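S.K.: At position 50 of the sequence shown (counting the first as 1) the number is 178 in the working numbering, and the numbers step up by one without a gap.
I have a structure here, written as structure tokens, and I will follow up with some questions on it.
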Amino acid sequence: MNLDQELEAFRQRRFLAMPLAGTLAWLGVALAGQLLAPRWHLLSVYVLTGVIAYIGMGLSKLTGEDFMAAANRRNRFNTLFMLSVGQALLAYAIAIPFALVRPESAVFMVGMLTGFMWLPAGWLMGHWIGAVHALGRTLMILAAWLLVPQQGMVWVPAIVLGHYALTILVLERRWAALRPRPAGLAQPA
């Protein structure tokens with residue numbers, strides 16, 4: 129396959145596993161922020177968000193995406209997508225040292241930096257939702273950091289979960305539009 133064909137094949141994917149994984153992880157962060165003592169917040173942010181890629185790989189088998197299938201591993205755009213996920217993990221190299229000085233900043237840093245992967249992912253998907261997710265999430269978390277810096281464990285998970293909800297909704301509509309309709313069913317208006 130040439131690059132154009134590989135990109136087209138990549139864009140036929142559902143793109144549900146990673147946002148579902150992010151939703152589960154950030155829901156865990158939100159619960160940790162409400163249920164655990166503050167001394168555990170930092171650890172919960174790093175552990176729960178650090179496993180998003182692995183949860184996504186597992187969920188991809190259930191959503192039919194199967195990131196690790198041989199056919200997907202041969203697609204160069206799948207490799208690039210997984211590298212953008214890996215890039216999000218490298219954000220901890222910035223977030224961890226910064227959090228050693230200002231622990232309350234960790235949730236803000238991780239919330240923003242790990243969301244940056246949505247910009248290249250959006251281009252790879254050929255859909256605007258990736259840019260909306262990355263930019264909206266970043267700007268709203270930055271605003272929360274400036275306006276309510278002591279309430280990061282409340283606001284950051286809420287912002288991220290809101291963006292994941294929108295992203296999942298939009299991507300599922302995109303997926304429905306890509307799927308062939310059985311004969312006799314009307315097209316939605």
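Where is the CB? At the ideal position from N, CA and C, for every residue including glycine.
What you are looking at is a predicted structure, and each value in this text was computed from that prediction instead of being measured.
Of all the options Ala197, Val179, Gly186, Pro285, which has the alpha carbon lying nearest to the alpha carbon of Leu144?
M.R.: Gly186
S.K.: Would you kindly check if the distance between the Cβ of Leu208 and the Cβ of Ile257 is under 8 Å?
M.R.: Their beta carbons are not under 8 Å apart, which means Ile257 does not touch Leu208 by this criterion.
S.K.: What separation, rounded to the nearest whole angstrom, lies between the Cα atoms of Val173 and Val235?
M.R.: The alpha-carbon atoms of Val173 and Val235 are separated by roughly 6 Å.
S.K.: Can you check whether the CB of Gly178 is closer than 8 Å to the CB of Met146?
M.R.: Between Met146 and Gly178, the CB-CB gap reaches or exceeds 8 Å.
S.K.: Pairing CB atoms from the segment 263–272 with CB atoms from the segment 196–216, are three or more of them under 8 Å?
M.R.: no
S.K.: Check each candidate in Ala216, Val238, Ala223, Ile296 and name the one with the smallest Cα separation from Pro248.
M.R.: Ala216
S.K.: For Val319, collect the residues of the same chain with a Cβ closer than 6 Å to its Cβ; drop the 5 residues on either side in sequence, then sort them by chain order.
M.R.: There is no way to answer for residue 319, as the model of the chain reaches only from 129 to 317.
S.K.: The alpha helix (DSSP H) spanning His255 covers which residue range?
M.R.: First-last for His255: undefined, no H or E at that position.
S.K.: Which residues in the same chain have their Cβ closer than 6 Å to the Cβ of Phe195, if we skip the five residues on either side of it in sequence?
M.R.: Met185, Ser188
S.K.: Quick check: what's the CA-CA separation for Arg141 versus Ser233?
M.R.: 35 Å
S.K.: For the alpha helix (DSSP H) containing Asp132, name the first residue and the last one.
M.R.: 131–139
S.K.: Cα separation between Gly264 and Leu171?
M.R.: 26 Å
S.K.: Can you give me the Cβ contacts of Val282 inside the same chain, cut-off strictly under 7 Å, excluding the 5 residues immediately before and after it?
M.R.: Gly161
S.K.: Return helix, strand or coil for Pro248, following the three-state DSSP convention.
M.R.: helix
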